[in-house]
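Take a look at the structure below.
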Amino acid sequence: MLVNLEKILKDAEAGGYAIGCINTPNMTTLRAVVDAAEEMQTPIIIDHAQVHDPLIPIELIGPKMVEYAKQASVPVCVHLDHGSDYNFVMRALRCGFSSIMYDLSAKPFEENVENLKVFTEMAHKLGVTVEAELGVMTSTEDDTHGDGGGWTHETIKKTFTDPAQAAEFAQRTGVDALAVCFGTAHGIYAEPPVLDIERVKAIREAMPKDCRVVMHGGSGVDADQVRAAINEGVSKVNYYSYMAKACSKHMYEYLKDRDGNAYWHEADEEAYRFMKEYAKEVLAVFKNGKTCTL
Ligand SMILES: [Zn+2]
């Protein structure tokens with residue numbers, strides 16, 4: 242069933258687990274992720290990133306995502322990932338997305354607040370939930386978010402979210418979820434990330450209870466640190482890069498074993514199976530040993 246973020250994240254925080262949010266830029270990934278969620282008996286957030294729109298326009302993949310969500314036996318939220326320009330966000334709403342990340346984190350604080358306040362008021366009237374970002378998350382060299390990379394343990398500390406500012410932002414805008422920075426980055430990590438778990442705790446304690454804490458850059462973080470972040474109040478974890486790369490590596494071996502002699506529909510089915518199993522392992526970490534409310 243198609244849902245927004247509100248209930249699934251509330252239930253997740255109360256239940257001590259997190260909901261995975263995975264990019265689905267093609268049909269193979271979309272099927273794999275929704276089927277993995279059904280098999281794992283967990284709600285799921287599927288998202289289309291504005292940076293993936295050159296691969297497939299939202300008007301083509303968006304309606305498929307909504308259709309899969311409606312037919313799924315678990316709650317599925319169809320979410321826009323890092324919508325940074327207003328026209329694009331409007332396109333997502335027109336496609337029937339139930340949730341929007343309107344990311345103005347690159348703008349000055351007051352501009353981010355003013356825009357998100359107006360947008361959230363409008364979105365809530367449509368039954369659409371809103372995620373924002375505070376503190377600009379760095380990207381690694383080969384990430385598609387395109388800020389040029391440059392991630393190191395030292396540079397990333399400058400981007401960490403201030404708990405008091407997160408609280409003020411959430412109160413003034415009324416957003417449902419806030420992506421905060423405490424040690425993760427987008428893309429493939431150059432060195433293993435080290436999360437500032439105390440900061441997650443401080444952010445959770447400072448923020449209004451009905452605004453959920455979101456961790457981006459979840460792929461590439463070891464399971465123990467992910468679980469520690471969930472235990473301190475993270476209820477949505479964005480995940481994609483490592484799954485996509487692992488699938489390519491797997492398919493390289495698959496095709497090599499066959500000297501490239503395979504029907505593409507069979508190869509594509511193999512990619513689906515691989516990603517579904519990979520997603521199930523990831524979702525098991527996010528479940529944190531708990532039973533999800535469906
Ligand atoms: Zn992100």
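Counting in the numbering used here, the sequence shown tops out at residue 535, every number present.
Backbone N, C-alpha and C fix where the C-beta goes; we use that ideal spot for every residue, glycine too.
Residue pairing by DSSP puts Y480 in a beta bridge opposite I263. DSSP places Y258 in no alpha helix (DSSP H); its state is neither H nor E. If only complete runs of 4 or more residues are kept, the region 347-435 shows the alpha helix (DSSP H) at 350-366, 394-398, 404-414, in order along the chain. DSSP links M281 through a beta bridge to no other residue. Comparing C-alpha distances from A405 to each of H365, M448, I397 shows the shortest one belongs to M448. At least 8 Å separates the beta-carbon of V467 from that of G458. Residues of the same chain with a CB within less than 8 Å of the CB of A411, apart from the 5 flanking positions on each side, are L419, M448, P449, C452 in chain order.
Spanning the alpha carbons of Q312 and F350 requires a straight line of approximately 40 Å. By the neighbour-count criterion, in which 16 or more other beta carbons inside 10 Å mark a residue as buried, V317 falls on the buried side.
In this structure, G257 lies away from F527, with their beta-carbon atoms at least 8 Å apart. Here L321 is buried: its Cβ has 16 or more other Cβ atoms, across all protein chains shown, within 10 Å. Those residues whose C-beta sits under 6 Å from the nearest heavy atom of ligand 1 are, from N- to C-terminal order along the chain, H323, H427, H457, N479. In this structure, F515 is the residue among F515, C533, A503 with its C-alpha nearest to the C-alpha of H491.
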